[in-house]
Structures are given as C-alpha cells and as structure tokens.
Amino acid sequence: MNINGNALVVGGVITGGGIGRACVVQLAREGASAILVADLAIEAARDALAEAQAVATHPMFQGKAVPLDVTREESVRNIFNEMVSAFGRIDYCINCAGIGAQQTTDIASLSLAEFQRFLDLNTTGMFLVTREASIAMRAQEPRSVSASEPARGLSRGTIVNLASASSLVATTGVLPYTTSKHAVLGLTKNSGKHSAKLVKKGVRYADMAA
12 MNINGNALVV
22 GGVITGGGIG
32 RACVVQLARE
42 GASAILVADL
52 AIEAARDALA
62 EAQAVATHPM
72 FQGKAVPLDV
82 TREESVRNIF
92 NEMVSAFGRI
102 DYCINCAGIG
112 AQQTTDIASL
122 SLAEFQRFLD
132 LNTTGMFLVT
142 REASIAMRAQ
152 EPRSVSASEP
162 ARGLSRGTIV
172 NLASASSLVA
182 TTGVLPYTTS
192 KHAVLGLTKN
202 SGKHSAKLVK
212 KGVRYADMAA
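Throughout the sequence shown, residue numbering follows my numbering, covering 12 to 221 in sequence.
See the structure below:
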C-alpha cells in the first residue's frame, strides 16, 4: 500500500485494539502525511495517534486527536472543518464508528430504544460522516493517488465505510445490528453510484466487511 496525502479516521480506536486504531497505525506506516483521529473516547484516540507517530514514515508527519459524537450533526461537521483547517484537505476518510451486539435478543422482547440506538450509531452516524466527507472532497482539487505510481491517476478523495458480514447475511438474535449494517452497505453503494454521475468526478466510496 502506498498512501499519498491526509487521512481522517473516525471511531474504532478502543484502548488496546480496535479496527480504527489498526487503520491509524497502518496509514502512518504506509506514508500518510497527516492523520486526524476522531472518537468519543478521546484518550484512546490520543493513544492511537502516539502509536502512529512512532511508526510514521513521512518525514513531515502530523497528527491530531479530537473528540467526536457521530450521532450529533454539528459534531461531525466540526471535525471536517477542523481537518481542512489543520491539514488543508482530506484524501482518505476511514469510517469505523459503530457498536456491536453484546447479547442476542428476540424481536418480541426488543425495545424501540435499543433498536434506535443501533440505527443512530451505526447508520445515521455513518450517513453524517459520509455526507460531510463527500462535501469536503468534492470541493478540493484532484491529486495523484500515488506519488510513486502516477499511472494510478488522480482522485479527489476516498471514503471507506466499515461494514460487516452482517451487511450481507442475517444472524439469529442480533436484528438491530444486522439491520444497521445492511443499511451501511446500501448507503455506501448508493453514495458511490451517485458520485460517479456527477460532473465533478473523483470521489471513491468503498465498504469493507470485518
């Protein structure tokens, strides 16, 4: 992998692990010039950034950790403004925020509040981040995907939304999680399809199951 540019990693940086944390470290190792880590758990975000700084290969690497609540529209919008203000542009947005099912529940005993909690965090949060990333990336000029491989072309940015095996198949007892992750897949596919028809092309969308 050859990372050229700045990355925003949203969520998933739990202490001692997490997919978001692994992404932060790998992006730094692969050449990212700047990384902003945004998570509700700000101390875990700072720890992930410190780990990234220790392995960063870009000579001018910069990093920043900021608190984020993906269920709040203003909070999401603010991190994109902060990213652009601090680093100039967003070349990669890795969206790992979300919650998993801790126990199985039958639909007959599932409360509306619990169902809504999964939709708020896993689906609405994903929508808000994807929307703001799309706005920011469409406004910036294309740049080379790879400085060492110019044949790979130009891009305004890449958005990766973390999906799940539950985005594709049903699993007994985890209805709210499965519903929210099915929605993530649809959101990502539709966003990419719409972007491809725009006059300002160059924003790539991808989902990654884990």
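Don't be surprised by glycine CBs; every beta carbon is placed ideally from N, CA and C.
CA-to-CA distance, residue j to residue i, given in whole angstroms
| i | j | result |
| --- | --- | --- |
| P153 | S166 | 5 Å |
| G164 | I170 | 17 Å |
| V185 | V77 | 31 Å |
| T115 | G23 | 22 Å |
| L139 | E84 | 7 Å |
| F126 | T199 | 21 Å |
Residue closest to residue i, alpha-carbon to alpha-carbon, out of the options
| i | options | result |
| --- | --- | --- |
| S96 | F129, T135, A108 and A45 | A45 |
| A63 | V36, S202 and T190 | V36 |
| G42 | E85, Q73 and S191 | Q73 |
| T82 | N92, D50 and I105 | D50 |
| T68 | L47, V48 and A39 | A39 |
| R100 | C34, L196, L19 and A174 | L19 |
| E54 | T199, K75 and T182 | K75 |
| N176 | K192, G168, T183 and P187 | Residue identity check: residue 176 is Ala in the sequence provided, not Asn. For A176, the nearest C-alpha among the options comes from K192. |
| Q113 | P187, A65, R142 and V156 | P187 |
| I14 | F129, Y103 and V180 | Y103 |
Distance cut-off 7 Å: residue i Cβ against heavy atoms of the ligand HEM
| i | result |
| --- | --- |
| M71 | Here there are no bound small molecules, and the ligand HEM is not part of this structure. |
Coarse secondary structure for residue i, derived from DSSP in three states
| i | result |
| --- | --- |
| E156 | Per the sequence presented here, residue 156 reads as Val, with Glu not at that position. Reduced to three states, the DSSP call for V156 is coil. |
| S191 | helix |
| T183 | coil |
| C34 | helix |
| I14 | coil |
| S120 | helix |
Classification of residue i by the beta-carbon crowding that lies within 10 angstroms, buried from 16 upward
| i | result |
| --- | --- |
| P70 | exposed |
| S120 | exposed |
| D117 | exposed |
Residues bridged to residue i (per DSSP)
| i | result |
| --- | --- |
| S86 | Answer by DSSP bridge pairing: none, since S86 is not bridged. |
| Q73 | A45 |
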